[in-house]
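Peer 1:
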DNA sequence: CGGAGAAGTTACAGCGCTGGTAAAACAGAG
DNA sequence: CTCTGTTTTACCAGCGCTGTAACTTCTCCG
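Chains as they are written, first to last, in this note's numbering: chain A, 1149 to 1485; chain B, 1149 to 1485.
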């Protein structure tokens, strides 16, 4: 089973390499008889085109990189699935890169120490600033995802986080909640995601004439249910009084449910809770989670659209695409009335 | 910012291409002065080695494919994370391929219509039989994951599923449960995973002198909490009586918790429930899940070890590696006594 | 101070494929 | 039966890099 090359097929079929190449790619201007003859040779020899050879010759690899913090974060897993599925439909395959939100890893993604491997990059930054992205960026086409900063020259797809956070906060207010907390942002330096969501939360409070009280903000040590449960538990034990809770993401909300349950606090009666992302699990928590759902299909599609245009040679300024989101109401914060 | 090639650097530094290549790869036998001079040229020109070129020349790409059904299934997400992390440590990057358990997609993975793109494949089959794998397989190094069938010629890493299922079943029996059900296998044609877990479940029942009753097996329409909840709910409503429940995986267990909660059945008092996989969420369900935890670090490492040997040229028969697992006891099925 | 051996550097031939273009084959018209 | 116009096929030059082997320059010892 030695490696079979294009040339071997050509010789075997008694035609030129280019003709075989044309057959492989289903190019026009190949007579039916010729096509048949070549195909027979291909099958007979078990020929498999070599992606590297083609890649070198065409300058394309058909690979896209998807860079995100951690695939085990359910939202990212769902994002990866969406992007992968849609990418495959468009003839690309997906390279998975995890950054663990580390600045160093993110820099490596953006500055692409190796050229030619991927045709484009879809990147959800967590640590890098807009300035850093602009500074380290090479000329590999890239599309940014999420609420992070985007340099003017880079395409960007996101949902309107401030609006969503405002919506969710007002939803709690409509339930008559007046001491509405926020859970799950980072202690210390915050990701842009946390910042804009807190911004929307505050705006919601203001619109409802509720006091904005910094002591209602409960930071967490990590993006995980465990860290959120621990953080909220500690805050409650220290005397925090709330009757509503906006969580930065569903994982934080799940942690909150746990911390509240352990302390005999009823959800939603004593405290109404909302999540963010509408991960699959949000329908299976106890109680089920009211949450913000981004349209991830539209997100993946938009990102790929922009990226393909860049790959195709578009060189204009960065485009910013806002993708729809909606509030999914479940048990943890039911509708008013 | 035109593309800079190795040759450009060589010319700029006044040396041969090979010397530049040696510097890039930190090869020995390059004098410090030379190294410095070349490095300066590299920096000055902003040279990035081209992966395709190197790939063609060396026959290696540094890419591995990880093929699994669906990354949004939490166990697979955790697997992907592990494999990716360990692969990166070894100098590889990971291509993510989702098969959705479809026979066609799985065949495409195994028969690799394109050569040269990945150095090896790690594949968790769901639909393909051992015979099919052997039949479609090309000579790309491959390692199989999971309890599925493996042809004699192919390497394989798994945990001892029968033993684990027996353990978990006996754990429930030790709690005094006598009507122990099984939830979450496929309706109709079952995956090998389901088969071996049911096998271990039955063995456990037999060892405990409990009756093996087919009506205690509750099949589900999909690997998801929703499908499992629906299936168990229907069974309960139809009169199924159980006091213990072995679930095929944590998702099924989460669905079971939901179905039971909705019917006012207390877990673990009325029904003790166990999951499988120890996904992160298993610590945050209500109640928390007793479950089987595979050593995924060992799994990823073993798979990569085998694969690297194959990539290195090993051509012996398929090796089978069993990786450890353990029972993690939490609230849904606490320890006896 | 000459020569053997080590250290450092270079030239060159591909790796497998495709794009552009030249050449050949063929068909139709006069 | 020749000539033009079109379709089909073949040739060639790389794409960017590395492995091999050969060459040049040092270094050290007798």
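Glycine is no exception: its CB is placed at the ideal position from the N, C-alpha and C atoms.
What are the partner residues of residue 1144/B, as DSSP defines its beta bridges?
Peer 2: In the structure as shown, chain B begins at 1149 and stops at 1485. Residue 1144/B is therefore absent and cannot be evaluated.
Peer 1: For residue 1232/A, which three-state DSSP category applies?
Peer 2: DSSP places residue 1232/A in helix when its eight states are reduced to three.
Peer 1: If you scan the segment 1175 to 1240 of chain B from start to end, which runs of the alpha helix (DSSP H) of 4 or more residues do you find wholly inside it?
Peer 2: DSSP runs (the alpha helix (DSSP H)) wholly in the segment 1175 to 1240 of chain B: 1180 to 1193, 1199 to 1206 and 1222 to 1237.
Peer 1: DSSP on residue 1160/A, reduced to helix/strand/coil?
Peer 2: The answer is helix: DSSP assigns residue 1160/A an H, G or I state.
Peer 1: Under 8 angstroms Cβ-Cβ, which residues of chain A neighbour residue 1219/B?
Peer 2: Here the neighbours are 1219, 1225, 1228, 1229 and 1232.
Peer 1: Does DSSP classify residue 1378/A as helix, strand or coil?
Peer 2: Residue 1378/A falls in the helix class under three-state DSSP.
Peer 1: Around the Cβ of residue 1242/A, are there at least 16 other Cβ atoms within 10 angstroms (buried) or fewer (exposed)?
Peer 2: Counting Cβ neighbours within 10 Å, residue 1242/A comes out buried, since at least 16 surround it.
Peer 1: Could you check what DSSP says for residue 1279/A in three-state terms: helix, strand or coil?
Peer 2: Three-state result, residue 1279/A: helix.
Peer 1: With respect to the alpha helix (DSSP H) encompassing residue 1266/B, which residues constitute its N-terminal and C-terminal limits?
Peer 2: Unbroken run through residue 1266/B: none, as it is neither H nor E.
Peer 1: Pop quiz: residue 1430/B and residue 1397/B are said to be a contact at Cβ under 8 angstroms. What is the actual Cβ separation, rounded to whole angstroms?
Peer 2: That pair is no contact at about 10 angstroms.
Peer 1: Report yes or no: is there a C-beta of chain B within less than 8 angstroms of the C-beta of residue 1149/A?
Peer 2: Only weak support is given to the placement of residue 1149/A: the predicted model assigns it a pLDDT of 49, under 50, and the question is left unresolved by the model.
Peer 1: Taking C-beta pairs closer than 8 angstroms, name the residues in chain B that residue 1431/A reaches, listed in chain order.
Peer 2: In chain order: 1373 and 1374.
Peer 1: With 8 angstroms set as the bound, which would you pick, yes or no: does the beta-carbon of residue 1198/A sit closer than that to a beta-carbon of chain B?
Peer 2: Chain B, which has a Cβ nearer than 8 angstroms to the Cβ of residue 1198/A, makes this yes.
Peer 1: My understanding is that residue 1220/B touches residue 1274/B, with C-beta atoms under 8 angstroms, so please give their C-beta distance in whole angstroms.
Peer 2: Rounded, the Cβ-Cβ distance is 15 angstroms, inconsistent with contact.
Peer 1: For residue 1168/A, I'd like the list of residues in its chain whose CB is within less than 6 angstroms of its CB, leaving aside the five on either flank, ordered along the chain.
Peer 2: Excluding residues within five positions, the ones whose Cβ falls inside 6 angstroms are 1154, 1157, 1158 and 1186.
Peer 1: Could you tell me whether the Cβ of residue 1260/A comes closer than 8 angstroms to any Cβ of chain B?
Peer 2: It does; some Cβ of chain B falls within 8 angstroms.
Peer 1: Within 10 Å of its beta-carbon, does residue 1487/B have 16 or more other beta-carbons around it, so buried, or fewer, so exposed?
Peer 2: Here chain B covers residues 1149 to 1485 and nothing more, so residue 1487/B does not appear.
Peer 1: Please return the same chain residues whose Cβ sits closer than 7 angstroms to the Cβ of residue 1244/B, not counting the five positions on each side in sequence.
Peer 2: Counting only Cβ-Cβ distances below 7 angstroms, and skipping sequence neighbours, we find 1214, 1219 and 1228.
Peer 1: Taking the CB atoms as reference points, tell me whether residue 1377/A and residue 1401/A lie closer together than 8 angstroms.
Peer 2: Going by C-beta atoms, residue 1377/A is not nearer than 8 angstroms to residue 1401/A.
Peer 1: State yes or no: is the beta carbon of residue 1428/A nearer than 8 angstroms to at least one beta carbon in chain B?
Peer 2: Cβ-Cβ to chain B under 8 angstroms: yes for residue 1428/A.
Peer 1: Tell me whether residue 1360/B is buried or exposed, calling it buried when 16 or more other Cβ atoms sit within 10 Å of its Cβ.
Peer 2: Flag for residue 1360/B reads exposed.
Peer 1: Once you ignore the five residues that flank residue 1364/A on each side, which residues in its own chain have a CB closer than 6 angstroms to its CB?
Peer 2: These residues qualify, in order along the chain: 1329.
Peer 1: To the nearest angstrom, how far is the alpha carbon of residue 1468/A from that of residue 1303/A?
Peer 2: Between residue 1468/A and residue 1303/A, the C-alpha separation is close to 6 angstroms.
Peer 1: How close, in whole Å, do the beta carbons of residue 1206/B and residue 1316/B come, if the pair is a contact with beta carbons under 8 angstroms?
Peer 2: Contact flag wrong, Cβ pair sits at about 47 angstroms.
Peer 1: Going by the beta-carbon positions, is the gap between residue 1413/A and residue 1392/A smaller than 8 angstroms?
Peer 2: No.
Peer 1: Over the uninterrupted beta strand (DSSP E) stretch that includes residue 1329/B, give me the two end residues.
Peer 2: It spans 1328 to 1334 - the beta strand (DSSP E) in which residue 1329/B sits, taken as one unbroken run.
Peer 1: Taking only beta-carbon positions, decide if residue 1340/B is within less than 8 angstroms of chain A.
Peer 2: For residue 1340/B, the answer is no, since every Cβ of chain A falls outside 8 angstroms of its Cβ.
Peer 1: Could you check which residue in 1262/B, 1436/B, 1210/B and 1160/B has the C-alpha nearest to that of residue 1410/A?
Peer 2: For the residues 1262/B, 1436/B, 1210/B and 1160/B, the minimum Cα distance to residue 1410/A belongs to 1436/B.
Peer 1: Which same chain residues, not among the five before or five after residue 1322/B, have their C-beta less than 6 angstroms away from its C-beta?
Peer 2: Closer than 6 angstroms at Cβ, skipping near neighbours: 1484.
Peer 1: Consult DSSP for residue 1350/A and reduce its assignment to one of helix, strand or coil.
Peer 2: Of the three classes helix, strand and coil, the one that applies to residue 1350/A here is helix, per DSSP.
Peer 1: What are the boundary residues of the alpha helix (DSSP H) that residue 1439/A is part of?
Peer 2: Where residue 1439/A is concerned, there is no enclosing alpha helix (DSSP H), although the beta strand (DSSP E) it sits in stretches over 1439 to 1442.
Peer 1: Determine the closest residue to residue 1371/B out of 1404/B, 1192/B and 1280/B, with distance taken between C-alpha atoms.
Peer 2: Answer by Cα proximity: 1404/B.
Peer 1: Assuming residue 1379/A contacts residue 1366/A (C-beta within less than 8 angstroms), just tell me the rounded distance between them.
Peer 2: About 5 angstroms separates the two Cβ atoms, so the contact holds.
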